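Chains as they are written, first to last, in this note's numbering: chain H, 1 to 191; chain L, 1001 to 1202; chain B, 2001 to 2197; chain E, 3001 to 3697.
What follows is a set of notes on a single structure, which appears directly below.
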Amino acid sequence: MGDYILLAVGAILVNNILLIQYLGNCPFLGTSKSMDNATGMAMAVVFVLALAGIVTWIMEAVFLKPLGLEYIRTIVFIVVIAALVQFVEIFMKKSMPALYAGLGIFLPLITTNCAVMGVCLINIKEEYNFLEMLVSSLAYPAGFGLALILFAGLRERIIIGRVPGPLQDVSIALVTAGFMSLSFLGFKGMI
Amino acid sequence: MAKTIVQEFTKGLWDEIPPFRLVLGLCPVLAVTKTVANGVGMGVAATFVLVCSNILVSALRNIIPSQVRVPCFIIIIATFVVVVELVMQAVAYPLFLQLGIFIPLIVVNCIILGRAEAFASKNPPVASIADGLGIGVGFTIALGALAGIREAFGAGTISVPFSDTVIQLFGPSFQPFTFMVEAPGAFVCLGLVLAIMNLIGK
Amino acid sequence: MRDIIRMIVVLGVMAACGGALLAGVKSGTAAKIEYQQLKFVKGPAIKNILEGCTNDPLVDRFKIKDGEIERSFYVGVFDGKANAVAYETFGKGFGGDIGVMVGVNVEADELLGIGVTTHAETPGLGSRAKDDPSFGAQFKGMSISKPIKVKPDGGEVDAVSGATITSKGVCQGVTDSAEFYTRLKPQIVEQAKAFAK
Amino acid sequence: MIEALLLMMGLGAVAGTLLGIASKVFYVWEDPRIALVADCLAGANCGGCGYTGCGACAAAIVAGEADVGACIVGGAAAAAKVAAVLGLEAGAAEPLTSENTCTGGFRAPEKFSYMGVNDCRAAYLLYAGAKDCDVGCLGFGSCVKACVFDALKIGPDGYPVVDEEKCVGCGACEKACPKGIMQVRKPSDRILHMNLVTDRLAPCRQTCPAEVNIPKYINHIKRGEYDKAWLTVMERNPLPLSTGRVCPHPCEDACRRALADDPVSINQLKRFCSDWVMNHGTSLKIPVAPDTGYRVAIVGGGPSGLSAAFYLRRLGHKVKIFEWLPKLGGMIYYGIPQYRLPKEILYKDIDRILGLGGIEVKTGVKFGVDFDLESLVGGGFDAVLMTIGAMNHASARIPDEDKVKGVVPATVFLRRQGLGNPYPVGKKVAVIGGGNVAMDCLRSSVRLGADKVYCLYRREVKDMPANKVEIEACHHEGIEFVTLCTPTRFITDDEGNLTGIEYLKNELGEPDASGRRSPVPIKDSETVIPIDNFILAIGQTTNSAFADEEGTAVSRLETSRGSIVNDTDTHQTAIPYVFTSGDCAGPPGLLVAAVGAGRRAARGIHKYLMGEDMAFPPTRLRVDSRRMKGHIPGTIFDSIEGIQRKGRIEQPELEPGSYERQHTYAEVDLTVTEENALKEANRCMRCCLTCYNKDTS
């Protein structure tokens, strides 16, 4: 049990996927302009990663490893993730319009979110068993959400701040992200 | 509106140089710019994928049904990413180890999919090659420059791409500014470079 | 319906072409990749163990089929005689399997040295079994036919401080390897001869 | 090798099947423009735009939430394509454009000195900004920063200036402005907008019954942009040539410049720019919205009907005008004499309206005789606007006024003149009434050959509702004013022909409801003036007798003293699809009021047809331009400072006493010269609610 908690804390804080592992930065900058978008994106990433983590792990265990096809892992994973996300989107649009309005519209963005692909690859690289994979697939996106929502809060303030011309918008956002990253670096000693 | 092939190429070097003008594909930019060798290696790999996928997408642009356009592009891109992965293992294994997970992640780099959709799927192959090459070279230059700054301040060295040579920039009394090679330094450094680019203007 | 079929066909064909291309590239680069992996993963350990040999053990290698498993042997040539081999074995460590490269003098059945290649041990503790050269050096000259143990188990090897389990795992791996080494020795000797100069 | 091939093929086939089937089974309709817009975007789903993928971004663009340049990857090329897609769908003739509605800038006084962040939204957080004016531009240019098309700049006066060439109407500036100053609107939206108390309105603009943006068109004239000035006028008034000649310009009574010297001669400037366009700029294109498919019948081709037809057409509806007389124009054709408003000039205005296309005209048919509501509804009209005017004359309560030969109502007298068959007048003519119609009768009589013309009025000259310039012109033309009189009896010869009029002198008593002292006849003060003709010009009422016929659809209309009762805001009557405006909907009023009412009626009909909320917002500004009441508080000043005194330009006119002036119908008032127009335009202080240009020459 302790191992799983350690894994979760490590994934959320110590190895925060956005600020320490540098994954998923495009939507990080894109959807952090408003709190609403940030929250929706965070939820969607958790949802999709849990699904994608399971499916890719099964693909690896059932097809790739026994057949010795590890070298085409990248292409298999991305196709699986892309098809999965698109399917969930189409399905949700029709069957769960309420959920779609809140979550679904963030789905297309996730296909090319390297955080999703990245965590799936980490799961394989670290040779997690099924349970560990589940924990990691939930904890990493939780860390993503945490950083994203915190950052959106900062950014809503920065927009009205007196920022020198050249630093405006993305530039100041990156510098701010840097300092957030610095504070997350402080968790390093925890484990 | 029609641009010449040369213009398609050169726009990627300054006007639309990623990630500074097109703020996209940030993950590898932040992650692999600890050393110049890694940065340039990543840039070359991305350029290869970009050019190859542009050619193929452009050539197949009239065959692919629009509903499955994105999955098809992804397959094309992923194929070349795996090619890069294999070739890099064969010829530059240490670089492969250094770049690690970021090589397969080229597949989700928005720049590549973005150029496939925005440019190659609407233009003939020759222009697409020029576009891919331009953006790719621009990306490589940007990565190299950013890595240069980070490595010089963060480690006091410049590693020469595709060789084992590492140039020491400062004397032995140099205290490396480690912040620069850590994650926070990546963000701050990119932010400041972006600001300088804004200052210079187009 | 028509466009669905078109979608399926296009996607299927494209994916298949991708698969074929990759399979082609893979088979073309397989040998090279293997060499590269050897060079950068096992290479350092092998070079360390077979220090002073006059050939390149990474090139002068052969494989022997041992039931299901295929084992690689790297030949070291000393004084023109191919009298040393290195091979990899695995022991159970704290965080999973530990890869151990074992060098043996074929003529004397004596250990030339060992080196850890891959491991998943705690950084700073278990990992010292790989990084600390004095740990590997202890094995030099020991007989392969006798079980090798750490001191707490009544053996002669000084465990890495704070990493007893790792050290035990390494010893266990080396001891286990003696089994197949002895069994395959005739073939090893035979094959190794080819590399003598 | 073969495994890889098979696995990938299987994977591709499974993915394709799954998606193909899902896209059919879970099909959801969406706006086809979203797909078109999405095609223009980069399609990388990178999220750089702040939206959740290209689909969401496209949906937001179509919904108007995101601007067309939202896609970073696509850049300006994608923005242009998106704009093209949206423009195509929204109607090529209905471009969105941004307009700055504040002219304050540096001149606007400040409440306190603000030293904070140079951003409007930040400044707004502190007491809604430092400007004294609640709705004034803060001038930090948040809108400029929001514009990705480089179409906005903070101008030299401290407020944003739109470059119309570059503006694509993306709406980013409007969203960025915390004060709602930047307004991105389609021409239709601008037509439908009515003055609100929250708008930035100069006193003249609040007063004008047609709500013309006066400071804006004068500013255009100042810069020599006479065509733009004219287009600005046309947004509110489609009869600028006519109003430019006959409008009594209540706006000038509210002009703030009058506090320093004289009011700006607004009407002359309008006349100048419309004449300039008439003479130079005939190719100017007026934007018309795409067809809505609705048809509106307008009964009566007077000014209100013409105005409504013009705006209904610009809003995209098809219009048909039914007129019982041979020519369009109603009272301004048949009522206003040639010397004040030449018929060919009026027809330039009317031709411009009909030139929009999509407006049919049928003359010589009378409502209630040749057609009625049933036939209009049966003929496929979705709404009917009644602008039948007020063609009945009011009685002067003199015995036998409808029997004595030589007594004629003003409406008949003027209409016959308009028809080219003037009423024959003798040497001496008297007209009773003090309004503009009376003045027209008086001055027409002079031209018809009368030697002696009297104006009979029960109060004094200063109480006359007629325009001051008209009264003055009457004096110039030798007309005698007999004031404080009440006619009591016609004097006739044996054949019943009029020979004279007897009247009692009046004295003034207590003030009545209108604030004027009511006249009281003095006993035994009978006086007789010998006359040959007597013209009744004391008011008109609507002939709504058709509404009394039982069993017809039109009988559901309510009438009050002849006028058809309507909702004064929406102009809707008791019959939902019937609207009225102009003189038939209330007491007869000014031409410019009828024009304004026509636009309001067009708005009411448009909202009714489109199923939108018809009521005015509670912030509607209601100004009584006759009594000068109801202006936005704090906008009417007692005094102004720092203005260099300089009189207004004179109205050029035909030499009084000249042959043309006395005996022909040549136009009396002339158009000002360009030099004078520019001089006068420069007197305009370009006021807004509270601030104005103090350094105006």
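No residue lacks a Cβ here, since even glycine has one placed at the ideal position from N, Cα and C.
Quantities reported herein were computed from a predicted structural model and do not represent experimental measurements.
Mind reading off the beta-carbon distance from residue i to residue j? Whole number of angstroms is fine, and I expect it under 8 angstroms.
i                 : j                 : result
GLY3139 (chain E) : GLY3158 (chain E) : 5 angstroms
VAL2157 (chain B) : SER2167 (chain B) : 7 angstroms
LEU3591 (chain E) : CYS3247 (chain E) : 6 angstroms
Residue i: beta carbon under 6 angstroms from a heavy atom of the ligand FAD?
i                 : result
ASP2131 (chain B) : Questions concerning the ligand FAD fall outside what the structure shown contains, since it holds no ligand whatsoever.
Chain E partners of residue i, CB-CB under 8 angstroms?
i                 : result
MET2014 (chain B) : GLY3012
GLY2019 (chain B) : ALA3004, LEU3005, LEU3006, LEU3007, MET3008 and MET3009
Locate the alpha helix (DSSP H) running through residue i, then write down its first and last residues.
i                 : result
GLY1114 (chain L) : 1110 to 1118
PRO141 (chain H)  : 130 to 158
THR1140 (chain L) : 1125 to 1155
THR3671 (chain E) : Segment: none, THR3671 (chain E) is in no alpha helix (DSSP H) and carries neither H nor E.
VAL88 (chain H)   : 73 to 95
SER3544 (chain E) : No alpha helix (DSSP H) contains SER3544 (chain E), which DSSP labels as neither H nor E.
Can you pull the chain E residues whose beta carbon is under 7 angstroms from the beta carbon of residue i, in chain order?
i                 : result
VAL1068 (chain L) : GLY3016 and LEU3019
GLN86 (chain H)   : LEU3019
On the DSSP bridge list, what partners appear for residue i?
i                 : result
ASP3624 (chain E) : E:LYS3629
ALA2086 (chain B) : B:TYR2074 and B:GLY2103
GLN3572 (chain E) : E:PHE3579
VAL2175 (chain B) : Here the sequence assigns Thr to residue 2175 (chain B), which means Val is not the residue at that position. Answer is none; THR2175 (chain B) lacks a bridge partner.
GLY2141 (chain B) : DSSP lists no partner for GLY2141 (chain B).
GLY3500 (chain E) : E:ILE3491 and E:PRO3530
ILE2069 (chain B) : B:ASP2066
ASN3676 (chain E) : Partner(s): none; ASN3676 (chain E) has no beta bridge.
ILE3154 (chain E) : E:PRO3160
LYS2081 (chain B) : B:PHE2078
LEU3196 (chain E) : E:ARG3620
Determine the chain H residues that contact residue i at a beta-carbon separation under 8 angstroms, and present them in chain order.
i                 : result
LYS1996 (chain B) : Residue 1996 (chain B) lies beyond the stretch modelled for chain B, which goes from 2001 to 2197, so this question has no answer here.
LEU2022 (chain B) : TYR71, ILE72 and ILE75
For residue i, which residues in chain B fall below 8 angstroms Cβ to Cβ?
i                 : result
LYS3024 (chain E) : ILE2004
TYR4 (chain H)    : Neighbours of TYR4 (chain H) on chain B: none; closest Cβ ~16 angstroms, over 8 angstroms.
VAL79 (chain H)   : ALA2015
For the beta strand (DSSP E) holding residue i, just list the boundary residues, first then last.
i                 : result
THR3580 (chain E) : 3578 to 3580
MET3182 (chain E) : 3182 to 3185
PRO3521 (chain E) : 3517 to 3521
ALA3430 (chain E) : 3428 to 3432
TYR3454 (chain E) : 3452 to 3456
THR3363 (chain E) : 3359 to 3363
GLN1168 (chain L) : 1166 to 1168
VAL1057 (chain L) : It is not in any beta strand (DSSP E) - VAL1057 (chain L) instead sits in the alpha helix (DSSP H) that spans 1036 to 1059.
PHE3481 (chain E) : 3480 to 3482
Anything in chain L within Cβ reach of residue i, meaning under 9 angstroms, just list it in chain order.
i                 : result
PHE2073 (chain B) : Ordered by position in chain L, no residue passes the 9 angstroms Cβ test against PHE2073 (chain B), which lies about 22 angstroms from the chain.
Could you tell me whether any Cβ in chain C is nearer than 7 angstroms to the Cβ of residue i?
i                : result
TYR128 (chain H) : Among the chains of the structure shown, chain C does not appear; the protein chains present are H, L, B and E.
List the residues of chain H that residue i touches, going by C-beta distances under 7 angstroms, in chain order.
i                 : result
PHE1153 (chain L) : By Cβ distance, chain H contributes nothing, its closest Cβ being about 14 angstroms from PHE1153 (chain L), past 7 angstroms.
ALA3122 (chain E) : ILE160
Could you list which residues in chain L have their beta carbon closer than 7 angstroms to that of residue i, in chain order?
i                : result
LEU154 (chain H) : Neighbours of LEU154 (chain H) on chain L: none; closest Cβ ~13 angstroms, over 7 angstroms.
Strictly below 9 angstroms CB to CB, what residues from chain H border residue i?
i                 : result
ASN3100 (chain E) : Those within 9 angstroms of ASN3100 (chain E) in chain H number zero; the least Cβ separation is about 22 angstroms.
VAL3117 (chain E) : ILE160, GLY161, ARG162 and VAL163
If the cut is a Cβ gap below 7 angstroms, which residues of chain B does residue i touch?
i                 : result
VAL1051 (chain L) : Neighbours of VAL1051 (chain L) on chain B: none; closest Cβ ~16 angstroms, over 7 angstroms.
Beta strand (DSSP E) runs contained entirely in the region 3370 to 3418 of chain E, provided each spans 3 or more residues: 3383 to 3386 and 3407 to 3409
Alpha helix (DSSP H) runs contained entirely in the region 1002 to 1032 of chain L, provided each spans 4 or more residues: 1005 to 1011 and 1026 to 1031
Ordered list of alpha helix (DSSP H) runs contained in the region 3241 to 3318 of chain E, each at least 4 residues: 3250 to 3254, 3266 to 3280 and 3303 to 3314
Secondary structure, beta strand (DSSP E): runs of 3+ residues fully inside the region 2089 to 2117 of chain B: 2097 to 2105 and 2110 to 2116
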